[in-house]
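Trainee:
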Amino acid sequence: MDELAIGMDLCDTYTKISCFEEEKSWTIPTVICKKKNTDEWYVGKEAYGLVLTGTGIMVDKLLSLVMKDGTATIEGVKYGAAELLKKFLERVLELPEKEFGPARTGHIAIALPKTEKRLLDVLFSCAGSMNIPRERFHVISHTESFVYYVMSQKKEVWATQVGLFDLSDERLAYHELKVQRGMKRMIVQAETQELEESFNLDILENTAGARMADRILCSCGERLLQKKLYSAVFLTGKGFDRLDWAENFRKLLCSKRRVYGEADLFARGAAYLAADCLREKTAYPFACICEGRVKATVSVAVKQREREVQMIMASAGDSWYEARSSVELIADGQDYVDFSITPLDVKKKRTVRIPLEGFPHRPDRTTRLAVSVGFLDENTMAVAIQDKGFGELFPATDAVVRQEVMI
Amino acid sequence: MSLLLCRQESVKCPYYVEALDIHLYSSQELCYVIYNHPFLVMEGFVDEGLLDFIRNELNMGALASRLEKLRTGGEEPDEMLIAILSECFYYSPGEIGQYRLRLAALRKKPEAEYEKERADYLFGIRQYGKALEIYSRLAERSADSLRDNDFAGQVWNGLGACYARLFQTAKAFQAYEKAYACLGDEAAVKKMYFLTRLDPALLQKEGPLSSVPEEKKRKWDGEAEEAEEKAAQSREILKLEQLFGRDLSECREEAAEMISRWKQEYRSMI
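Those protein sequences? They're chains C and F, same order as listed.
Just so you know, we're using this note's numbering here: the first sequence kicks off at 488 and counts up by one.
Just so you know, we're using this note's numbering here: the second sequence kicks off at 8 and counts up by one.
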């Protein structure tokens, strides 16, 4: 591949960068530092160096700052969180560019622990102001990145269930993936549980703390892995950089299971997605149902050329952030719109009826409806139905119905 | 009950239907007009302008070519209307079948009856000038050629209504007088009486009005006054009064716009 596919694991405390088919990767703290009395900004070791010498002012936890729409005042100047994150991303993306050449950047995929709307909005706005074309910038969840990572391995790795323990300063999470075959299209379903038993990694520095951490993980492992058949279990995160403290957990995992350690798993998973975007035909011909993706197909029954068809408004597996569609329909004798919500388990299919309250009464087929669907998060669909009238014969009114529907 | 999926039609230049004073922006609106206004579309509706609209704005080149062929081949004009309805899928095949029968039934009607219904339709859509032309033509025919007195009376009645709407009160009065002669209906006399309220010069010593009892006239006066009161409360009148209440220099532009709209409205009636 001529163009570079960059994957980034963007967390509140650290950021990892990896490039498809390139060995070299980077791990740097998610901080930005301004050199005093200049307009120079630094990340990574240089940032810490400036702080240690007292010549720089540092801002950390950039994602938290964005989430609370915070600001940081440096040398009397107030900087918004989005601006600081942009400066950070600009400098971080310079790392692979310096290594492999700036002209090579093709697609960039960022994996986040959680795909919150506010953070997504800011990231896409940063990409826009960095002149990164919208179609070349992707944001996914850790879970989805795990899916791309696993599905890029040999088939035997994902033959049955695949588990992943992620232990970092920020959280202890368990991800699980299974592949459903035998349907029209292969489906990969992945779920994530944030475990309450998370702990500060500093406790690993002393024997008693390490023993306790081992016990915590063993208890989690027994609870989560029991009676399930795994084709592989992965470990990732700073907590698993070394495993000497987790002897019992290691024994539990390795009993009749293949266990792999991958420090940059989320960054590499994101890089696999970025690389796939460079291909003409996808190497991942499956629907992915996981965090950040819509879990059910939303459709409306419409009549087209005298035949009833289901008009798909959003498909299971679409990114909720990008899933939005609009269609114009003409109401023929009905004063409501029915949305069919079909999850993977079709037995759980249901219909949500939205009445056209406040719409004017007109003869049949003289009310054109603009039906728009978008998502506020992966579980909440926002529907807007607007009266478009019927040309000059029946002019439009400002009647509109808005409703949020839980998927 | 269903929801119809609309064709994607990005119409930049809508099609103007002068008789209805509306612009059409979609194939569905075109079908609606064809289906609901048969008298409007049965004669020469499918012309070059409409074909251009179908071809270039609705992006239905195949339909336009088919219509062109039907048009140049001198086929039944109704077939062109049916072709448009069938191609747009706005009406069901059953409804299109009914429409075809409706057109055929209209075509089968005796010419005078068809013409009169057409004039009635034009009157209904406020095309008084065009309706008047047809009613006059029918009225001009000798009494023998018209089917019966009833029919002639309805024609004179329609003619009177058209003249009245065009503020030609004297001609309207005469037409109602003839309608009364044919029908012997009190309704025509009542209309004549109402016309005299607008134009007192029409009052005659002789004729049907002279035999109306005073009591009835008082009753009609009451009805007329009630209608006048109701009209005085209409939005247009209230707006006009508001306009008169303001300083002329302030509302000159608004008044000019209103007069221009009235002129346009009146012109489209004749």
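Built from N, CA and C at the ideal position, the CB exists for glycine as well.
Please read these numbers as outputs of a predicted model, since none were measured by experiment.
Kindly list, in the order they appear in chain F, the residues whose Cβ is closer than 8 Å to that of C:LEU843.
Mentor: On the first sequence, position 356 is the one that residue 843 of chain C refers to. Those do not exist, as C:LEU843 stays about 11 Å from chain F at its closest Cβ, beyond 8 Å.
Trainee: When the Cα atoms are used, what is the spatial distance from C:PRO516 to C:VAL626?
Mentor: Here residue 516 of chain C corresponds to residue number 29 of the first sequence, with the count starting at 1. Here residue 626 of chain C corresponds to residue number 139 of the first sequence, with the count starting at 1. Going from the Cα of C:PRO516 to the Cα of C:VAL626 covers about 19 Å.
Trainee: Using 8 Å as the cut-off, can you tell me whether the region 62 to 78 of chain F makes contact with the region 87 to 97 of chain F, which would need three or more C-beta pairs spanning the two stretches below that distance?
Mentor: yes
Trainee: Distance, Cα to Cα, F:LEU247 vs C:MET554?
Mentor: For the purposes of this step, residue 247 of chain F is identified with residue 240 of the second sequence, where counting begins at 1. For the purposes of this step, residue 554 of chain C is identified with residue 67 of the first sequence, where counting begins at 1. Cα to Cα, the separation comes out at about 57 Å.
Trainee: Under 8 Å: do the region 488 to 501 of chain C and the region 563 to 583 of chain C share three or more Cβ pairs, one atom per stretch?
Mentor: yes
Trainee: Using the rule of at least 16 other Cβ atoms within 10 Å of the residue's Cβ for burial, across every protein chain shown, is C:ILE519 buried or exposed?
Mentor: Position 32 of the first sequence holds residue 519 of chain C. By the 10 Å Cβ count, C:ILE519 comes out buried.
Trainee: For F:ASP85, tell me which candidate among F:MET67, F:PHE46, F:ILE141 has the shortest Cα-Cα distance.
Mentor: Counted from its first residue, the second sequence places residue 85 of chain F at position 78. Taking only the C-alpha atoms, the option nearest F:ASP85 is F:PHE46.
Trainee: So, helix, strand or coil for C:MET670, using DSSP?
Mentor: Sequence index remark: in the first sequence, residue 670 of chain C carries index 183 (1-based). Note: C:MET670 maps to coil in three-state DSSP.
Trainee: Please list the residues of the region 31 to 60 of chain F that have a C-beta atom closer than 7 Å to any C-beta atom in chain C, keeping them in chain order.
Mentor: LEU31, TYR32, SER33, GLN35, GLU36, TYR39
Trainee: What number of angstroms, rounded off, separates the C-alpha of F:GLU36 from the C-alpha of C:ARG849?
Mentor: To locate residue 36 of chain F, count along the second sequence from 1; it is residue 29. To locate residue 849 of chain C, count along the first sequence from 1; it is residue 362. Cα to Cα, the separation comes out at about 14 Å.
Trainee: Might you give, ordered along the chain, the residues of its own chain that have their beta carbon closer than 6 Å to the beta carbon of C:ARG737, omitting 5 neighbours on each side?
Mentor: The sequence position of residue 737 of chain C within the first sequence is 250, counting from 1. Cβ within range, chain order: LEU730.
Trainee: Compute the distance between the beta-carbons of F:TYR185 and F:GLN161, then report whether it is under 8 Å.
Mentor: As a working mapping, residue 185 of chain F is identified with position 178 in the second sequence. As a working mapping, residue 161 of chain F is identified with position 154 in the second sequence. Sequence check: residue 185 of chain F is Lys here, not Tyr. Cβ atoms of F:LYS185 and F:GLN161: not closer than 8 Å.
Trainee: Against chain C, does F:LEU65 count as a neighbour if the rule is that its beta carbon must be under 8 Å from one of theirs?
Mentor: Here residue 65 of chain F is taken as the residue at index 58 of the second sequence, counted from 1. Chain C, which has no Cβ nearer than 8 Å to the Cβ of F:LEU65, makes this no.
Trainee: Pick out whichever of C:TYR747, C:GLY804, C:PRO772, C:PHE773 has its Cα sitting closest to the Cα of C:VAL785.
Mentor: Here residue 785 of chain C is taken as the residue at index 298 of the first sequence, counted from 1. C:VAL785 has its Cα closest to that of C:GLY804, out of C:TYR747, C:GLY804, C:PRO772, C:PHE773.
Trainee: Could you tell me the alpha carbon to alpha carbon distance between C:ALA700 and C:LYS642, rounded to whole angstroms?
Mentor: Along the first sequence, one-based indexing puts residue 700 of chain C at 213. Along the first sequence, one-based indexing puts residue 642 of chain C at 155. Those two C-alpha atoms are separated by around 33 Å.
Trainee: Output, in chain order, the set of chain F residues within a Cβ distance shorter than 8 Å of C:ILE504.
Mentor: For this step, residue 504 of chain C is matched to residue 17 along the first sequence. Within chain F, no residue comes near C:ILE504; the closest Cβ sits about 43 Å away, beyond 8 Å.
Trainee: Does the Cβ-Cβ distance between C:LEU654 and C:PHE753 come in under 8 Å?
Mentor: In the first sequence, residue 654 of chain C corresponds to position 167, counting from 1. In the first sequence, residue 753 of chain C corresponds to position 266, counting from 1. Result no, Cβ atoms of C:LEU654 and C:PHE753 do not sit closer than 8 Å.
Trainee: Could you check what DSSP says for C:MET868 in three-state terms: helix, strand or coil?
Mentor: If you number the first sequence from 1, residue 868 of chain C lands on position 381. Here C:MET868 sits in strand by DSSP.
Trainee: Would you report the Cα separation of F:TYR23 and F:GLU64, rounded to the nearest angstrom?
Mentor: Numbered from 1 along the second sequence, position 16 holds the residue referred to as residue 23 of chain F. Numbered from 1 along the second sequence, position 57 holds the residue referred to as residue 64 of chain F. Cα to Cα, the separation comes out at about 13 Å.
Trainee: Taking DSSP as the reference, what is the three-state secondary structure of F:ALA171?
Mentor: In the second sequence, the residue the question calls residue 171 of chain F occupies position 164. Here F:ALA171 sits in helix by DSSP.
Trainee: Suppose the cutoff is 6 Å on Cβ atoms and the five residues either side in sequence are ignored; what does the same chain contact list for C:PHE745 look like?
Mentor: In the first sequence, the residue the question calls residue 745 of chain C occupies position 258. The sequence shown places Arg at residue 745 of chain C, not Phe. Around C:ARG745: ALA719.
Trainee: So, with DSSP's three-state summary, where would you put C:GLY543?
Mentor: On the first sequence, position 56 is the one that residue 543 of chain C refers to. Note: C:GLY543 maps to strand in three-state DSSP.
Trainee: Does the structure place the region 644 to 660 of chain C close enough to the region 705 to 724 of chain C that three or more beta carbon pairs sit under 8 Å?
Mentor: yes
Trainee: DSSP has C:THR558 in a bridge; who is on the other side?
Mentor: Taking the first residue of the first sequence as position 1, residue 558 of chain C is located at position 71. Answer by DSSP bridge pairing, in chain order: C:GLY567.
Trainee: In chain F, which residues lie less than 8 Å from C:LEU816 when you measure between Cβ atoms?
Mentor: Position 329 of the first sequence, counted from the start, is the residue given in the question as residue 816 of chain C. The contacting residues are LEU10, LEU11, LEU12, CYS13.
Trainee: Mind checking which residues open and close the beta strand (DSSP E) that includes F:HIS30?
Mentor: Indexing the second sequence from 1 puts residue 30 of chain F at position 23. That run of the beta strand (DSSP E) goes 29 to 31.
Trainee: When the Cα of C:LEU664 is compared with those of C:HIS629, C:ASN687, C:LEU704, C:LEU691, which residue comes out closest?
Mentor: Residue 664 of chain C sits at position 177 when you count from the first residue of the first sequence. Closest in alpha carbon position to C:LEU664, among C:HIS629, C:ASN687, C:LEU704, C:LEU691, is C:HIS629.
Trainee: Which partner residues of F:GLN211 appear in the DSSP bridge assignment?
Mentor: One-based indexing of the second sequence puts residue 211 of chain F at position 204. Beta-bridge pairing links F:GLN211 to no other residue.
Trainee: Determine the chain F residues that contact C:MET798 at a beta-carbon separation under 7 Å, and present them in chain order.
Mentor: In the first sequence, the residue the question calls residue 798 of chain C occupies position 311. Near C:MET798 (Cβ distances below 7 Å), the residues of chain F are LEU12.
Trainee: At what residues does the alpha helix (DSSP H) containing F:ASP228 begin and finish?
Mentor: Within the second sequence, the letter at position 221 stands for residue 228 of chain F. Residues 221 to 239.
Trainee: Is there contact between the region 830 to 850 of chain C and the region 874 to 882 of chain C, where contact requires at least three CB pairs shorter than 8 Å?
Mentor: yes
Trainee: Decide yes or no for the touch test of the region 829 to 845 of chain C against the region 749 to 766 of chain C: beta carbon pairs closer than 8 Å, at least 3 of them.
Mentor: no
Trainee: Would you say F:ILE103 reaches chain C, if we count a Cβ-Cβ gap shorter than 8 Å as a contact?
Mentor: Numbered from 1 along the second sequence, position 96 holds the residue referred to as residue 103 of chain F. By this cut-off, F:ILE103 is not an interface position.
Trainee: List the residues of chain F that C:LEU880 touches, going by C-beta distances under 7 Å, in chain order.
Mentor: On the first sequence, residue 880 of chain C is found 393 positions in, with the first residue counted as 1. The answer, in chain order, is ILE29, GLU36, TYR39.
Trainee: Just to confirm my understanding: we take C:GLY543, look at its own chain, exclude 5 residues before and 5 after, and list those with CB closer than 6 Å. What are they?
Mentor: As a first step, residue 543 of chain C is located in the first sequence; it is residue number 56 there, counting from the start. Excluding positions up to five away in sequence, the list reads CYS520, LYS522, LEU537.
Trainee: What number of angstroms, rounded off, separates the C-alpha of C:PRO882 from the C-alpha of C:THR853?
Mentor: Within the first sequence, the letter at position 395 stands for residue 882 of chain C. Within the first sequence, the letter at position 366 stands for residue 853 of chain C. Taking the straight line joining both Cα atoms gives about 10 Å.
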